[in-house]
Amino acid sequence: MCTSEHRSIPLSLEANVHEASTEAPQVVVTRERGKNVKLMKSLQQRGISVLELPLVETAVGPDRSELPDALTAGDHDWVIVTSPESASVFLQGWREADKPQVRLAVVGSGTGVVIEAAGEADLPVAFTPSKANAEHLSAELPLEGEGRVLYPASAKAGAGLQEGLEARGFSVRRLNTYNTVPVQSLPAADVEAAKQARVVAFASPSAVKAWLACVGDQESADVAIACIGSTSARAAEKLGLKRIYYPDSPGLEGFVVSIVEALEAAEPSAALA
57 MCTSEHRSIP
67 LSLEANVHEA
77 STEAPQVVVT
87 RERGKNVKLM
97 KSLQQRGISV
107 LELPLVETAV
117 GPDRSELPDA
127 LTAGDHDWVI
137 VTSPESASVF
147 LQGWREADKP
157 QVRLAVVGSG
167 TGVVIEAAGE
177 ADLPVAFTPS
187 KANAEHLSAE
197 LPLEGEGRVL
207 YPASAKAGAG
217 LQEGLEARGF
227 SVRRLNTYNT
237 VPVQSLPAAD
247 VEAAKQARVV
257 AFASPSAVKA
267 WLACVGDQES
277 ADVAIACIGS
287 TSARAAEKLG
297 LKRIYYPDSP
307 GLEGFVVSIV
317 EALEAAEPSA
327 ALA
């Protein structure tokens, strides 16, 4: 449950796209602070007004301290990372372990970009499934060697990926290296502005839950929902939200398309570039 602050939390000039205005934003974006900039810029280029309302933040997971030793031990045939955040946490642990050789699989291009951006020549991505989701990763990951997998995960990640791999004969060691938790407070003015938006965009089930805890079911009844992928969309549906839009494959481009589709449905007369 969030609380509101009368004074706004300082935002960077780059991220705070929705400036003080009497007009309500068309879209609310809800990822962790600092991770909305590219999305907001892309929407802004289409003439869409956006409010950043960071509903979640990343916390250290209970198994984070085990990651460097697990990587150093080398008793795995694959290391799999399934989100940009898990890629960032993996990179930290990998460097702490003095950069051991690993065979790395990522769930999709959005996660792969984080690895590539690290600029580590000794850390190529060895496998990416045909579609960016846990179902395809678990079905398509090559079963090589003894099929041992190290899976640094979010504490809130479902069991589907691990179960799918184990059903194929893999042995999976899961480490809950990070967690996604609701922010403790939000600026009251931003919360009130967010209630007037036509579309709310979610990149994780945690953000969906945080929105409902903060704003409530009644305030969410008429809003259209855009999700980065099917996992967040399923969570939104289970929590009773309607008019949910999401791409086949997670990623920035598909996320933007889904937000535009949601906005066009919510504002049929909107002229979007």
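Numbering (the numbering used here), first residue to last: 57 to 329. Using N, Cα and C, we set each Cβ at its ideal position, and we do this for glycine too.
Segment limits, beta strand (DSSP E) that includes residue i
i, result
"Arg-230", "227-238"
"Thr-114", "112-116"
"Glu-122", "Run containing Glu-122: none; DSSP gives neither H nor E here."
"Ile-104", "From DSSP, Ile-104 is part of no beta strand (DSSP E); its letter is neither H nor E."
"Ser-288", "Taken as a continuous stretch (DSSP letters only), Ser-288 belongs to no beta strand (DSSP E), being part of the alpha helix (DSSP H) at 286-294."
"Val-330", "Since the first residue of the chain shown is 57 and the last is 329, residue 330 is not available in this structure."
"Leu-206", "204-210"
"Val-83", "83-85"
"Pro-243", "241-243"
"Val-162", "160-162"
Proximal residues to residue i (C-beta, below 8 Å), its chain only, five neighbours per side dropped
i, result
"Ser-288", "Phe-258, Ala-259, Ser-260, Pro-261, Ala-263, Val-264, Tyr-302"
"Thr-184", "Ala-161, Val-162, Val-163, Gly-164, Ser-165, Gly-168"
"Leu-295", "Val-264, Lys-265, Leu-268"
"Ala-195", "Pro-185, Gly-220, Arg-224"
"Leu-127", "Val-135, Gly-149, Trp-150, Ala-153, Pro-156, Val-158, Leu-206"
"Ile-104", "Gln-82, Val-83, Ile-315, Val-316, Leu-319, Leu-328"
Other residues of its chain near residue i: CB distance less than 7 Å, five sequence neighbours each side excluded
i, result
"Ser-305", "Gly-164, Lys-187, Ala-188"
"Val-228", "Val-205, Tyr-207, Gln-218, Leu-221, Glu-222"
"Glu-275", "Lys-251"
"Glu-317", "Tyr-301"
"Ile-315", "Val-83, Leu-99, Val-255, Ala-257, Ala-282"
Cβ distance (whole Å) where residue i is taken to contact residue j below 8 Å
i, j, result
"Asp-278", "Val-205", "Going by Cβ atoms, the distance from Asp-278 to Val-205 rounds to 44 Å, so no, they are not a contact pair."
"Ala-322", "Val-255", "6 Å"
"Ala-269", "Leu-319", "Ala-269 to Leu-319, Cβ: 24 Å. No contact."
"Val-170", "Ala-143", "4 Å"
"Val-158", "Val-137", "Between Val-137 and Val-158 the Cβ distance is about 10 Å, and since that is not below 8 Å, they are no contact."
"Leu-109", "Val-84", "5 Å"
"Leu-95", "Phe-311", "7 Å"
"Gly-130", "Pro-156", "6 Å"
"Glu-88", "Pro-124", "The pair is not a contact, with the Cβ atoms about 24 Å apart (cut-off 8 Å)."
"Ala-190", "Gly-216", "5 Å"
"Phe-226", "Gly-201", "Contact flag wrong, Cβ pair sits at about 10 Å."
"Ser-210", "Ser-139", "7 Å"
Between the CA atoms of residue j and residue i - distance to the nearest angstrom
i, j, result
"Ala-292", "Ile-300", "8 Å"
"Trp-150", "Glu-141", "14 Å"
"Ala-282", "Ser-98", "15 Å"
"Ala-177", "Gln-252", "47 Å"
"Ala-250", "Pro-238", "16 Å"
"Thr-114", "Val-313", "26 Å"
"Leu-147", "Leu-308", "21 Å"
"Pro-81", "Glu-248", "11 Å"
"Thr-86", "Leu-297", "16 Å"
Beta-carbon proximity list for residue i, same chain, < 6 Å, skipping 5 on both sides
i, result
"Leu-179", "none"
"Glu-122", "Leu-231"
"Asp-246", "Leu-109"
"Ile-284", "Ala-259, Pro-306, Phe-311"
Boundaries (first-last residue) of the alpha helix (DSSP H) holding residue i
i, result
"Ala-143", "140-152"
"Ser-186", "Element bounds for Ser-186: n/a, residue is neither H nor E."
"Val-318", "Rather than Val, the amino acid found at residue 318 in this sequence is Ala. That run of the alpha helix (DSSP H) goes 308-322."
"Ala-263", "261-271"
"Val-170", "165-173"
CB contact below 7 Å: residue i versus chain C
i, result
"Ser-194", "Given the protein chain composition of this structure (a single chain), no chain C is represented."
query: Using 8 Å as the Cβ pair cut-off and three pairs as the minimum, do the segment 221-239 and the segment 104-123 touch?
result: Pairwise C-beta distances place the segment 221-239 in contact with the segment 104-123, as three or more of them are shorter than 8 Å.
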